[in-house]
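Note that the sequence shown covers residues 0 to 280 in numbering that gives the first Met the number 0.
Heads up, the beta-carbon is just placed ideally off N, CA and C, and yes, glycines get one too.
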Amino acid sequence: MLTAGSTTRTAAATNAAGALPRKKTVSGTAYHEAGSGEPLVLIHGVGMRLEAWAPQIAFLSAGHRVIAVDMPGHGESAKLPVGSRLEEFVAWFGRFLDEMAIDTANVAGHSMGALVSGGAAATFGERISRVAYLNGVYRRDPGAKAAVLSRAAAIPVSGVDKEGPLARWFGEDAESVTARELTRKWLNLVDPQGYAVAYAAFAGGDETYADGWKNVAGPALFLTGSDDPNSTPLMATQMAELAPRGYVRIVEGHRHMVNLTAPDIVNSLLAEWLSFGEDER
């Protein structure tokens, strides 16, 4: 496990507060691009927007062409139809790569974005060179499955729950204060319908590509926080054991939004992952 020491994570998280400039593809997917070199695509989670990757964009764009994308119905991206499943989000991502003329890419996803990146890695073959699966779920137990399906069913009736995610995603430590407030801001900005569609796909998608890790040939990083109650270290370990070049990194003392609460550690781990050749891990 990795422990956060004295870092610049608070400053990096604060920098994420400002809106980043966007371009759009012909089908309406919004993205921010920085740097040059081998492509690295970043996909955020439900309720977030591409600014959630600000610390990683700033660091990793020094050596890569970093493309952070607004998920459908989030930020400034066009929505997917009501009832869209995880498969439709993975197909959306494939169209995005086509529209960006990206033949092969490294892909890192967080939470729902992890499910999308995992689905792409399992089905796009050599088009995905490496995959990083941050705070992602895998085959929830019956209690967790029932809870997330209940939350998904409540959204069209009760709207976006902002406090529940904050309570699950963050501890009460001082390091989480800035990241929590940024996350609250983004949850307040999210389109309710876009959120509902993505959350339903997230709730039902933990097994959709669960059998696909054996087909993922490139380096596969499974990263989560030691205290994440939903995307657990056990899940990360189980997936890594299935992927031929899978490996686990756990950040001690952090929860779900680990890329914001421990950005220096996450940046270092992503740089390590990007440095691996196809025959390494």
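Assuming the contact rule is C-beta atoms closer than 8 Å, residue i and residue j should be a hit. Round their C-beta distance to whole Å, please.
{"i": "Val-65", "j": "Leu-39", "result": "5 Å"}
{"i": "Ser-83", "j": "Ala-202", "result": "Between Ala-202 and Ser-83 the Cβ distance is about 13 Å, and since that is not below 8 Å, they are no contact."}
Pick helix, strand or coil for residue i, following the three-state DSSP scheme.
{"i": "Ser-76", "result": "coil"}
{"i": "Pro-71", "result": "coil"}
{"i": "Asn-105", "result": "strand"}
{"i": "Lys-161", "result": "coil"}
{"i": "Glu-174", "result": "helix"}
{"i": "Glu-32", "result": "strand"}
{"i": "Ala-11", "result": "Its pLDDT being 44, under 50, Ala-11 is placed unreliably by the model, and nothing is read from it."}
{"i": "Pro-38", "result": "strand"}
Return the chain-ordered list of same chain residues with a C-beta closer than 6 Å to the C-beta of residue i, the five sequence neighbours on each side being excluded.
{"i": "Ala-29", "result": "Arg-21, Lys-23, Asp-69, Gly-74, Glu-75 and Ser-76"}
{"i": "Gly-204", "result": "Leu-85 and Leu-114"}
{"i": "Gly-112", "result": "Ile-42, His-43 and Gly-44"}
{"i": "Gly-27", "result": "Ala-77"}
Where DSSP assigns a beta bridge to residue i, which residues make up the other side?
{"i": "Tyr-132", "result": "Gly-108 and Phe-221"}
{"i": "Val-215", "result": "Looking at the DSSP assignment, Val-215 forms no beta bridge with any residue, so it has no partner."}
{"i": "Val-65", "result": "Ala-33 and Leu-39"}
{"i": "Ile-127", "result": "Ala-104"}
{"i": "Lys-22", "result": "Tyr-30"}
Residue range of the beta strand (DSSP E) that residue i falls in?
{"i": "Glu-251", "result": "245-251"}
Here's a check: name, in chain order, each residue in its chain whose Cβ is nearer than 8 Å to the Cβ of residue i, leaving out the five neighbours to either side.
{"i": "Ser-5", "result": "Caution applies to Ser-5, whose pLDDT of 35 falls short of 50 and renders its modelled position unreliable; the model cannot decide the point."}
From which residue to which residue does the alpha helix (DSSP H) around residue i run?
{"i": "Val-265", "result": "262-274"}
{"i": "Val-196", "result": "191-203"}
{"i": "Asp-97", "result": "85-98"}
{"i": "Met-238", "result": "232-241"}
{"i": "Pro-54", "result": "53-59"}
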